[in-house]
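In our numbering, the protein residues as written are 2 to 374.
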Amino acid sequence: MSAPVGVLLLIKGLGVGGAERLLERAIPYLDRDRYDYHVAYLLPWKDALVPAFRAAGLPVSCLEFHRGGILSAGRRLATLVRREGISLIHAHLPVAGILARLVGRRAGARWLVYTEHNVPARYRLASRLLNAATYRANNAVIAVSQEVAARVRAYGRGSRPYLATIPNAVDADALAAHARDRSDVCREFGFPADTHLVVHVANLVPKKGHRYLLAAASRVARADPRVRFLLVGLGPLAEALSLEASRLGLNGQVVFAGFRPDAVALMGAADIVVLPSLHEGLPVSLLEAMALGRPVVATRVGGVPEVLAADETGMLVEPADSAALAAAILDLLGDAGRRSRMGEAARRHVRQRYGMAGMVAAVEEVYARVMAG
């Protein structure tokens with residue numbers, strides 16, 4: 002049997018974002034007889050998931066992007082590739098992808114694979130330009146949804162890398178094992194027993210649409226005082242969003258829970274999970290909520306409509322439309338039977354089509370394809 006191929010999984014950070022959680026939850030399904038996996042990340046303060054990788058026996062290195070900028074990080078990446086005998090670099094998100102293309106082959110890596118997790122037009126201008134300029138250096142590109150794939154095809158000129166659409170995935174059984182009971186969550190946060198619980202899990206950044214969610218929450222609270230909104234996540238908008246909630250008179254109805262290691266379990270306790278994003282690739286939190294049998298109200302962005310069938314497995318509204326978001330939430334809260342049917346349909350759909358084992362196998366087949374030439 003031939004020696005396993007050295008593969009480096011390269012990402013900007015190992016915090017608790019969707020792409021990062023996806024990598025962490027793929028660990029049990031990696032073919033480590035075929036591939037010798039290593040992990041590297043750029044931002045040392047985004048390291049919450051590092052212990053999980055190390056506990057699984059995967060070597061993890063921080064390239065310390067903040068010390069000397071991209072040139073120093075590039076030198077550290079080159080040293081890592083040479084020292085560990087890395088043959089294939091699989092980069093996630095633009096900064097990691099650009100760095101891999103600039104440094105990877107010069108350091109000795111033979112193959113470059115890149116996963117695009119979002120609609121490229123939504124990145125900062127510098128990232129978009131550098132992504133486009135270096136795009137053809139990839140051997141293969143993986144898009145997490147058909148919408149992302151369609152946008153990626155516009156990149157670059159001349160010959161283009163192999164493009165595969167491999168949707169994000171979840172381990173439904175593992176998620177179900179950690180789900181929490183709604184009454185237990187209500188007790189923890191001091192909510193009344195008859196609370197209708199709406200949960201949102203996302204970093205507090207503009208693209209996640211929290212501003213529109215708060216405006217919708219104000220409408221919902223006026224119509225049904227029993228509703229409580231539990232917003233889980235950290236980010237640069239934390240203070241501004243808290244002030245906005247106070248301005249709207251929502252201090253009793255909206256709770257900012259901050260970082261929670263049990264964020265997915267909290268979604269499992271929800272009557273409704275809401276995703277008001279302004280743009281997405283294919284949000285992992287959507288798949289998690291559906292796998293837990295939760296009805297979802299989400300915006301019609303990116304790959305969301307490819308997974309969420311309107312009025313069957315959830316409800317879709319247009320982005321930045323607080324009135325429509327509020328109406329959809331109230332509509333579902335008023336019909337427990339419909340919520341149950343939608344949640345069960347969502348659970349079946351995700352289990353059948355978005356399993357983690359299948360996703361990892363598809364990614365590793367992309368590796369095999371590019372190595373075969």
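Beta carbons: idealized from backbone N, C-alpha and C, even for Gly.
Contact annotation: Ile87 and Val114 have beta-carbon atoms that are not nearer than 9 Å.
The distance from the Cβ of Pro296 to that of Met343 is about 4 Å, consistent with a contact at the 8 Å cut-off. Note that the C-beta distance between Leu9 and Ala41 is below 9 Å. Non-local beta-carbon contacts of Gly250 in its own chain, meaning distances under 6 Å to residues more than five positions away in sequence, are absent. Annotation for Glu117: the continuous beta strand (DSSP E) segment containing it runs 112-117.
In the three-state reduction of the DSSP assignment, Arg77 falls in the helix class, which pools H, G and I. Taking the C-beta atoms as reference points, Met357 is found nearer than 9 Å to Asp172. Exclusion of the five residues before and after Val285 leaves Gly19, Ala20, Arg22, Leu23, Asn169, Val171 as the residues of its chain whose Cβ lies within less than 8 Å of its Cβ. His67 sits in coil when the DSSP states are folded into three classes, being neither helix nor strand. Residue burial annotation: Pro121 is buried, with at least 16 other C-beta atoms found within 10 angstroms of its C-beta. Contact check for Val308 and Leu279: beta-carbon distance about 18 Å, past the 8 Å limit, so the pair fails to qualify. Scanning its chain for C-beta atoms nearer than 6 Å, with the 5 sequence neighbours on each side dropped, one finds around Tyr156 the residues Ala133, Tyr136, in chain order. Asn119 is positioned such that its CB atom lies closer than 9 Å to that of Leu94. A direct Cα-to-Cα measurement between Val186 and Ala49 gives close to 23 Å. Straight across, the Cα-Cα distance linking Ala369 with Thr116 is about 16 Å.
With respect to the 9 Å criterion, Leu205 and His211 are classified as neighbours on the basis of their beta carbons. Judged by beta-carbon spacing, Gly109 lies within the 9 Å limit of Val82, meaning their Cβ atoms are closer than that value. In this chain, the alpha helix (DSSP H) harbouring Ala224 covers 211-224.
According to the DSSP assignment, Phe54 belongs to the alpha helix (DSSP H) that extends over 51-56.
Taking 8 Å as the upper bound for CB-CB distance, Ala180 and Leu293 are in contact here, some 6 Å apart. For Gly7, the enclosing beta strand (DSSP E) starts and ends at 6-12. Leu94: not part of any alpha helix (DSSP H); DSSP gives it neither H nor E. Proximity of the region 251-259 to the region 225-235 meets the contact definition, three or more beta-carbon pairs being nearer than 8 Å. In the structure shown, Val302 falls within a coil segment according to DSSP collapsed to helix, strand and coil. DSSP, read as helix, strand or coil, puts His201 in strand. With a contact defined as Cβ atoms closer than 8 Å, Leu43 and Leu59 miss out at about 17 Å. The C-beta separation of Arg220 from Ala324 comes to about 7 Å, placing the pair in contact by the 8 Å criterion.
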